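Student: Residue numbers for the sequence shown follow numbering that gives the first Met the number 0, beginning at 0 and rising by one.
All residues carry an ideal CB built from backbone N, CA and C; glycine is no exception.
Just so we're clear, the structure is a prediction, and the values are computed from it rather than from any experiment.
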Amino acid sequence: MSILAASADPNLFGRWFRRRESWEVWFAFLAALFGLPMDEEQAELYRRHTGRTAPPTAAASEAWLVVGRRGGKSFVMALVAVYLACFRQYRQHLQPGERATILVVAADRKQARTIMRYVDGLLSNIPILRSMVLNQTSESVDLNNAVTIEVGTASHRSTRGYTFAAVLCDEIAFWRTDDSAEPDYAILDAIRPGMATIPGAMLICASSPYARRGALWDAFRRHWAAEGAPLVWRAATREMNPSVPQSLIDEATERDAASARAEYLAEFRADMEMLLTREAVAACVSPGIRERGPTRRHRYFAFVDPSGGSADSMTLAIAHCESEDVILDAVREAVPPFSPEAVVAEFAKLIHSYGASEVTGDRYGGEFPRELFRRHGLGYRLADKTRSELYLSLVPAMNSGRASLLDLRKLEEQLVGLERRTSRGGRDIVDHAPGAHDDIANAVAGAVVGALGVASRPRAATGSVGYDGVLHFKAAESPGRSWHRGPGISAVDGKPIVAKQLPPLRLHVN
Numbered sequence: 000m001s002i003l004a005a006s007a008d009p010n011l012f013g014r015w016f017r018r019r020e021s022w023e024v025w026f027a028f029l030a031a032l033f034g035l036p037m038d039e040e041q042a043e044l045y046r047r048h049t050g051r052t053a054p055p056t057a058a059a060s061e062a063w064l065v066v067g068r069r070g071g072k073s074f075v076m077a078l079v080a081v082y083l084a085c086f087r088q089y090r091q092h093l094q095p096g097e098r099a100t101i102l103v104v105a106a107d108r109k110q111a112r113t114i115m116r117y118v119d120g121l122l123s124n125i126p127i128l129r130s131m132v133l134n135q136t137s138e139s140v141d142l143n144n145a146v147t148i149e150v151g152t153a154s155h156r157s158t159r160g161y162t163f164a165a166v167l168c169d170e171i172a173f174w175r176t177d178d179s180a181e182p183d184y185a186i187l188d189a190i191r192p193g194m195a196t197i198p199g200a201m202l203i204c205a206s207s208p209y210a211r212r213g214a215l216w217d218a219f220r221r222h223w224a225a226e227g228a229p230l231v232w233r234a235a236t237r238e239m240n241p242s243v244p245q246s247l248i249d250e251a252t253e254r255d256a257a258s259a260r261a262e263y264l265a266e267f268r269a270d271m272e273m274l275l276t277r278e279a280v281a282a283c284v285s286p287g288i289r290e291r292g293p294t295r296r297h298r299y300f301a302f303v304d305p306s307g308g309s310a311d312s313m314t315l316a317i318a319h320c321e322s323e324d325v326i327l328d329a330v331r332e333a334v335p336p337f338s339p340e341a342v343v344a345e346f347a348k349l350i351h352s353y354g355a356s357e358v359t360g361d362r363y364g365g366e367f368p369r370e371l372f373r374r375h376g377l378g379y380r381l382a383d384k385t386r387s388e389l390y391l392s393l394v395p396a397m398n399s400g401r402a403s404l405l406d407l408r409k410l411e412e413q414l415v416g417l418e419r420r421t422s423r424g425g426r427d428i429v430d431h432a433p434g435a436h437d438d439i440a441n442a443v444a445g446a447v448v449g450a451l452g453v454a455s456r457p458r459a460a461t462g463s464v465g466y467d468g469v470l471h472f473k474a475a476e477s478p479g480r481s482w483h484r485g486p487g488i489s490a491v492d493g494k495p496i497v498a499k500q501l502p503p504l505r506l507h508v509n
């Protein structure tokens with residue numbers, strides 16, 4: 000029985016498609032996906048949403064859905080998963096004790112639970128399918144035909160070791176992990192070998208679009224309107240789900256047109272770009288160096304990204320300058336949950352070990368984090384740049400190779416994952432992608448940019464002129480500007496000086 004026939008049968012999936020006219024575009028997609036005969040209306044929908052002319056003659060082994068939010072993607076993914084699990088046989092391709100897995104990969108656990116509820120609803124409300132269930136948990140269903148439907152979150156590690164009959168990737172444009180800025184490619188690379196032993200195994204990736212990068216954009220750019228595999232289907236929200244009010248989309252467009260075009264019109268964002276390339280970041284990493292200890296000859300700058308201890312990490316970075324270069328020395332991250340008081344005590348101890356007497360940070364938490372650092376003998380300076388300004392100021396040092404970073408994978412991935420877009424007011428805004436984090440990157444940007452700023456400021460030196468005309472500096476300091484004798488402006492206090500007949504000036508450091 001085909002999936003379209005099962006969707007029309009009131010004893011099977013038909014009860015969920017009573018208003019069939021609102022599902023016509025989805026039925027056209029399913030016909031294309033499984034290589035089923037199309038009527039003229041479905042053929043026209045196929046041409047419109049794929050950019051192709053010739054109808055498919057066989058089921059697709061790989062399909063990509065670029066569909067706006069609320070278009071019905073999650074329910075259709077669950078429908079396809081249940082159909083493939085219950086209406087196909089895979090025993091002939093399995094070893095004794097082996098099970099075929101229909102894996103649905105979601106962006107996060109909340110979305111995974113949503114899809115699993117759809118799967119449970121489809122199975123439990125159809126008696127013939129309910130009788131196939133052997134065991135069920137919150138994340139998987141074992142059927143009596145050696146098939147398991149399983150839902151998981153985006154991780155290239157957890158997708159290894161399976162025999163896949165199908166993999167359905169939900170909201171792939173928004174997959175984010177701390178150990179990879181490109182988890183979509185990593186997960187797809189881990190999945191494909193598991194599909195090799197079952198003929199006709201399917202890979203279906205669905206998402207509303209985001210920036211013009213990643214696996215979804217790559218598939219759309221290369222294969223939309225191109226004949227042959229894989230199948231790429233693009234449609235706006237109301238094309239797939241006419242029940243979504245147009246007023247909702249109009250209001251979203253008025254608030255943020257670029258975001259609404261991506262979320263509801265299925266257009267990839269042209270205003271979003273990477274702040275730093277992976278190559279630029281990699282060129283600044285010092286291989287194998289995870290921390291640099293303090294030395295007395297350097298002046299260190301510390302920057303903290305505070306947190307309350309429940310949601311975001313609290314991070315610290317310390318850096319210094321050597322000539323024209325800026326060197327990252329140390330990074331710390333406290334992952335929630337944690338006690339802010341305990342973390343500040345640990346951070347303060349590290350800052351003191353580098354000889355710094357103050358730390359710079361943003362206005363997070365008002366007076367609370369400042370008071371905590373003051374208790375440990377450290378001043379707390381408010382950063383004079385916003386987070387976006389810090390990131391934008393970091394770019395020249397990174398692209399010119401003047402920054403030397405530590406070999407920390409999470410730092411590298413967070414820097415590569417930063418995005419720059421232009422606001423409606425014309426300002427550049429830099430932030431992490433949806434679902435990602437930038438706590439370490441923010442602290443490092445603050446430390447690097449702050450160290451560069453300190454190095455560029457003139458440093459006053461104190462000393463005295465002896466009776467012999469020798470200028471004596473304190474040994475721990477060095478003059479930050481040229482000294483001179485004669486008419487002009489004093490290099491010591493900036494006041495006018497009068498020419499005097501003095502012996503030649505000789506410099507001497509105690």
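Since Cys320 contacts Ser403 with CB under 8 Å, what's their CB separation in whole angstroms?
Tutor: That belief does not hold up - the Cβ atoms of Cys320 and Ser403 are roughly 11 Å apart, past 8 Å.
Student: Indicate the three-state DSSP secondary structure (helix, strand or coil) for Asp324 in the structure shown.
Tutor: Residue state, collapsed to three classes: strand.
Student: I need the DSSP call for Ser356, collapsed to helix, strand or coil.
Tutor: Coil, per DSSP.
Student: Taking 8 Å as the threshold (C-beta atoms), are Ala446 and Ala301 in contact?
Tutor: Closer than 8 Å, so yes.
Student: Which partner residues does Cys168 have in the DSSP bridge list?
Tutor: Per DSSP, Val104 and Cys204.
Student: Using the beta-carbon count (16 or more within 10 Å), is Asn441 buried or exposed?
Tutor: Asn441 should be labelled buried.
Student: Mapping the DSSP letters down to three states, classify Gln135 as helix, strand or coil.
Tutor: The answer is strand: DSSP assigns Gln135 an E or B state.
Student: Can you check whether the CB of Ala234 is closer than 8 Å to the CB of Ala265?
Tutor: In contact: Ala265 and Ala234 (Cβ atoms closer than 8 Å).
Student: Taking the alpha carbon of Pro241 as the point to measure from, which residue in Ala5, Ser21, Pro9 and Ser6 has its own alpha carbon closest?
Tutor: Checked all of Ala5, Ser21, Pro9 and Ser6; the closest Cα to Pro241 is Ser21.
Student: Using the beta-carbon count (16 or more within 10 Å), is Phe367 buried or exposed?
Tutor: Its Cβ having fewer than 16 others within 10 Å, Phe367 is exposed.
Student: Hey, quick one: how far does the beta strand (DSSP E) through Asp183 stretch, first residue to last?
Tutor: It is not in any beta strand (DSSP E) - Asp183 instead sits in the alpha helix (DSSP H) that spans Pro182 to Ile190.
Student: When you compare only the Cα positions, how much space is there between Thr113 and Ser73?
Tutor: Approximately 8 Å between the Cα atoms of the pair.
Student: I'd like to know whether the C-beta atoms of His162 and Thr100 end up nearer to each other than 8 Å.
Tutor: Here the sequence assigns Thr to residue 162, which means His is not the residue at that position. Cβ distance < 8 Å, so Thr162 and Thr100 count as in contact.
Student: Determine the DSSP secondary structure at Phe472, reduced to helix, strand or coil.
Tutor: Here Phe472 scores only 49 on pLDDT, less than 50, and its place in the model should not be relied on; the value that follows carries that caveat. Strand at Phe472.
Student: Taking the alpha-carbon positions, what's the Ser432 to Ser130 distance?
Tutor: Before going on, a small fix: residue 432 reads as Ala here, not Ser. Between Ala432 and Ser130, the C-alpha separation is close to 43 Å.
Student: By DSSP, does Ile350 sit in helix, in strand, or in coil?
Tutor: Ile350 falls in the helix class under three-state DSSP.
Student: Using a threshold of 8 Å, state whether the C-beta atoms of Ala145 and Met201 are closer than that.
Tutor: No, they are not a contact pair.
Student: If we count the other Cβ atoms within 10 Å of its Cβ and call it buried at 16 or more, is Glu149 buried or exposed?
Tutor: Its Cβ being crowded by 16 or more others within 10 Å, Glu149 is buried.
Student: If we count the other Cβ atoms within 10 Å of its Cβ and call it buried at 16 or more, is Val303 buried or exposed?
Tutor: Val303 is buried by the Cβ-count criterion.
Student: Restricting to Cα atoms, I'd like to know which of Glu61, Glu418 and Thr196 is closest to Gly34.
Tutor: For the residues Glu61, Glu418 and Thr196, the minimum Cα distance to Gly34 belongs to Glu61.
Student: When DSSP labels each residue in this structure, what does His92 get in the three-state scheme?
Tutor: His92 falls in the helix class under three-state DSSP.
Student: Look at the alpha carbon of Ile248 and the alpha carbon of Asp107, and state the distance between them as a whole number of angstroms.
Tutor: The alpha-carbon atoms of Ile248 and Asp107 are separated by roughly 25 Å.
Student: Which one of Asp255, Tyr363 and Ile2 has the shortest CA to CA distance from Cys85?
Tutor: Closest option to Cys85, Cα to Cα, is Ile2.
Student: Quick one: Cα of Gly13 to Cα of Met37, how far?
Tutor: Taking the straight line from one Cα to the other gives about 19 Å.
Student: DSSP on Ala333, reduced to helix/strand/coil?
Tutor: Looking at Ala333 - three-state DSSP - the assignment turns out to be strand.
Student: Between Glu345 and Leu371, which are expected to be in contact by the criterion C-beta below 8 Å, what is the C-beta distance as a whole number of angstroms?
Tutor: With a Cβ gap of about 11 Å, Glu345 and Leu371 do not count as contacting.
Student: Looking at the structure shown, is Phe302 part of a helix, part of a strand, or coil, going by DSSP?
Tutor: If DSSP states are grouped into helix, strand and coil, Phe302 belongs with the strands.
Student: Buried or exposed: Thr158, going by 16 or more other Cβ atoms within 10 Å of its Cβ?
Tutor: It counts as buried.
Student: What is the DSSP secondary structure of Val243, counted as helix, strand or coil?
Tutor: In the structure shown, Val243 sits in coil (DSSP, three-state: anything other than H, G, I, E or B).
Student: Locate the beta strand (DSSP E) running through Asp430, then write down its first and last residues.
Tutor: Element bounds for Asp430: Asp427 to His431.
Student: Shortest alpha-carbon distance to Glu170 belongs to which of Thr136, Gly213 and Val140?
Tutor: Ranking the options by Cα distance to Glu170, first place goes to Gly213.
Student: Distance check for Pro335 and Leu121, CA to CA, integer angstroms please.
Tutor: Those two C-alpha atoms are separated by around 38 Å.
Student: Helix, strand or coil for Thr49, going by three-state DSSP, please let me know.
Tutor: Of the three classes helix, strand and coil, the one that applies to Thr49 here is helix, per DSSP.
Student: If you check the beta carbons only, do Trp25 and Val81 fall under 8 Å apart?
Tutor: Their beta carbons are not under 8 Å apart, which means Trp25 does not touch Val81 by this criterion.
Student: Quick one: what does DSSP say Ala319 is sitting in, helix, strand or coil?
Tutor: Ala is not the amino acid found at residue 319; the sequence shown has His there. Strand at His319.
Student: Who are the near neighbours of Arg90 in its chain, counting only those whose CB is closer than 6 Å to its CB and skipping five residues on each side?
Tutor: Around Arg90: Ala145.
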